[in-house]
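Under UniProt numbering, the first residue of the sequence shown carries the number 1, and numbering increases by one thereafter.
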Amino acid sequence: MPLTGYRAIAKSGDLSKPFRPKRRKGLIACEDWLLNIHEEPNFLTKVITGDETWVYGYDPETKRQSSQWLLKNAPKPKKARMSKSKTKVLFGTFFDHQGIVHYEFLPQGQTINQYVYLAILRRLRESIRKKRPEKLKTGNAKPTHLMKIVYHVLQGTTCPILHCIETQVDLYTNNTSAPTEVAYFSGTEQNPGPPTKRQTTLTAPVHSGERESIDGELKMLILNMAAEIKSLGERIDIRLTKIETRMDDWDMRFCNMEEKLTKCTESQQATEKLASCNSLKVNELEARVEFFETRLREPNLVFYGIEREGDENQADCNLKIQNVIRDKMEIGDDLKITKCHRLSRGSNAPVLVVVPDYADRAKIFKNAYKLRDTKISISKDYSKNVREQRRILIAKRKELGERGIKSKLRDNKLFVNDKVCKVMNGQVVDSTGAAI
Numbered sequence: 001m002p003l004t005g006y007r008a009i010a011k012s013g014d015l016s017k018p019f020r021p022k023r024r025k026g027l028i029a030c031e032d033w034l035l036n037i038h039e040e041p042n043f044l045t046k047v048i049t050g051d052e053t054w055v056y057g058y059d060p061e062t063k064r065q066s067s068q069w070l071l072k073n074a075p076k077p078k079k080a081r082m083s084k085s086k087t088k089v090l091f092g093t094f095f096d097h098q099g100i101v102h103y104e105f106l107p108q109g110q111t112i113n114q115y116v117y118l119a120i121l122r123r124l125r126e127s128i129r130k131k132r133p134e135k136l137k138t139g140n141a142k143p144t145h146l147m148k149i150v151y152h153v154l155q156g157t158t159c160p161i162l163h164c165i166e167t168q169v170d171l172y173t174n175n176t177s178a179p180t181e182v183a184y185f186s187g188t189e190q191n192p193g194p195p196t197k198r199q200t201t202l203t204a205p206v207h208s209g210e211r212e213s214i215d216g217e218l219k220m221l222i223l224n225m226a227a228e229i230k231s232l233g234e235r236i237d238i239r240l241t242k243i244e245t246r247m248d249d250w251d252m253r254f255c256n257m258e259e260k261l262t263k264c265t266e267s268q269q270a271t272e273k274l275a276s277c278n279s280l281k282v283n284e285l286e287a288r289v290e291f292f293e294t295r296l297r298e299p300n301l302v303f304y305g306i307e308r309e310g311d312e313n314q315a316d317c318n319l320k321i322q323n324v325i326r327d328k329m330e331i332g333d334d335l336k337i338t339k340c341h342r343l344s345r346g347s348n349a350p351v352l353v354v355v356p357d358y359a360d361r362a363k364i365f366k367n368a369y370k371l372r373d374t375k376i377s378i379s380k381d382y383s384k385n386v387r388e389q390r391r392i393l394i395a396k397r398k399e400l401g402e403r404g405i406k407s408k409l410r411d412n413k414l415f416v417n418d419k420v421c422k423v424m425n426g427q428v429v430d431s432t433g434a435a436i
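Written out as structure tokens, the structure is:
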């Protein structure tokens, strides 16, 4: 009596139809695995398999996790609706029957392609060397199904490449997606590889009885040469693949350097623009400070050549200034002075006199010519910047006088032949910017 299970299989599918190519490959892979398990019972202990998954930044709580203990008449708590994190990274792990061998997180937004997968395999090999050194005694780790570049790189090692059961990838197509599962094998028999020595041809005369033997040897020689040519071509392909990989890496580095250089140039331009704006603002602030300082110093007059006598106080200094104005400059006593003091402790230190009324200051400057035969002189209380400019302008005026050119100095401006000159960057220039 036949078994019901076989009858059910016969009814569910027509076994007379040929298998599809993909199903046939899966059948071959399954037979290959079963044959290895049958020949070596501990075959599965030498397997290192891996998988990858997307890992989110956080996972929302379930209803049971977010539940709370409340009193009977207490109101229901408010709960915020949580959604999955938009931040996610790809997490890959490799393990065997003893536990995890290697794992790593890829950068955010990075997926597995042939170059990333090849780099992961190299790091996995180092992890196997450290954690499972016994698996690398007789051979190198090899994946069960690979992309073309990985297949070429690993084909030159000593371990056989086995087929994957679940997913079949054509090894000779330009597939850019990475396999979903990987199994590593070690401790297997090494590949014999192509022969290293060629067989010598026969040089003796060929008889009819020996023709078949010679033909066989010639065929073997041709096969060996073909194998060597194929091996050489595969090595060349591997070299070319490595060169292309390095060139792509250098192209990526050059692109990154160009981007960084562009950003540096933009940053430098922005910094120069900001510095220019700050320089204009600083110049504007300096001009405003100079203006306000000039306004504050406007009521002040400085008397030079007033000698100090003994322990002089402020009242004595004020009396000396009043005598000079009344006796030598012949100005009445109605002139108002609010403050009078020396600027330093020297014997002939200048005296600062504050005259708030503009008309009184005009009288003093109008009668200043009467002090020509004395050591006394009068000037406005200029700021430090204006004093430096006047020093340069006075030297230029003296030079122009030696050349017979008349000029007139007023504050920090020099008038030469109806031209207004001023000091700019340590030089005397006119309104057009030309040096005098």
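Even for Gly, the Cβ is constructed at its ideal location relative to N, Cα and C.
Owing to the predicted nature of the structure, the values given are computational and were not obtained by experimental measurement.
Query: Cβ atoms of Cys340 and Ile321: under 7 Å apart, would you say?; Result: yes
Query: Candidates Asp327, Gly305, Asp373: which alpha carbon is nearest Leu346's?; Result: According to the sequence shown, residue 346 is Gly rather than Leu. The residue with the shortest Cα to Cα distance from Gly346 is Gly305.
Query: Helix, strand or coil, according to DSSP, for Met329 in the structure here?; Result: coil
Query: Apart from the five residues just before and just after Ala204, which ones in its own chain have a Cβ nearer than 8 Å to its Cβ?; Result: In this predicted model, Ala204 has a pLDDT of only 40, less than 50, meaning its place in the structure is not dependable enough to derive any value.
Query: Roughly how many angstroms separate the alpha carbons of Glu290 and Leu296, rounded to a whole number?; Result: 10 Å
Query: In the DSSP assignment, the alpha helix (DSSP H) including Glu399 goes from what residue to what residue?; Result: 384-402
Query: Output the distance between the C-alpha atoms of Thr294 and Ser279, rounded to the nearest integer angstrom.; Result: 22 Å
Query: Hey, how far is the Cα of Met252 from the Cα of Arg23?; Result: 41 Å
Query: Take Leu335 as the anchor and find which of Pro41, Cys317, Ala349, Arg361 has the nearest alpha-carbon.; Result: Arg361
Query: Please go through the same chain and pick out, in chain order, the residues whose beta-carbon is closer than 7 Å to the beta-carbon of Ala396, but skip the five residues on each side of it.; Result: Note on residue identity: the sequence assigns Lys, not Ala, to residue 396. The answer, listed in chain order, is Leu414, Val428, Ile436.
Query: Kindly identify the DSSP beta-bridge partner or partners of Glu52.; Result: Gly92
Query: Could you check which residue in Val282, Val351, Leu285, Asp327 has the C-alpha nearest to that of Glu312?; Result: Val351
Query: Is the beta carbon of Asn367 sitting closer than 7 Å to the one on Met424?; Result: no
Query: Starting from the Cα of Thr87, find the closest Cα among Lys25, Ala29, Arg132, Gln108 and give me that residue.; Result: Gln108
Query: Using a Cβ-Cβ cutoff of less than 8 Å, which residues in the same chain neighbour Asp170 once the five nearest sequence positions on both sides are dropped?; Result: Confidence in Asp170 is poor, its pLDDT being 36 and thus under 50, which makes the residue's placement too unreliable to answer from.
Query: Indicate the three-state DSSP secondary structure (helix, strand or coil) for Ala435 in the structure shown.; Result: strand
Query: Between Trp54 and Asp249, what straight-line distance do the alpha-carbon atoms span, to the nearest angstrom?; Result: 26 Å
Query: Where does His38 sit, in a helix, a strand or coil, going by DSSP?; Result: helix
Query: Does DSSP classify Ser279 as helix, strand or coil?; Result: helix
Query: In this structure, does DSSP put Lys46 in helix, strand or coil?; Result: helix
Query: Look at the alpha carbon of Trp33 and the alpha carbon of Val89, and state the distance between them as a whole number of angstroms.; Result: 33 Å
Query: Please go through the same chain and pick out, in chain order, the residues whose beta-carbon is closer than 7 Å to the beta-carbon of residue 441, but skip the five residues on each side of it.; Result: For residue 441 there is no data in the structure shown, the boundaries of the chain being 1 and 436.
Query: Is the beta carbon of Val101 closer than 7 Å to that of Lys76?; Result: no
Query: Report all residues from its chain with a CB closer than 7 Å to the CB of Arg129; omit the five preceding and five following residues, and keep chain order.; Result: Leu136
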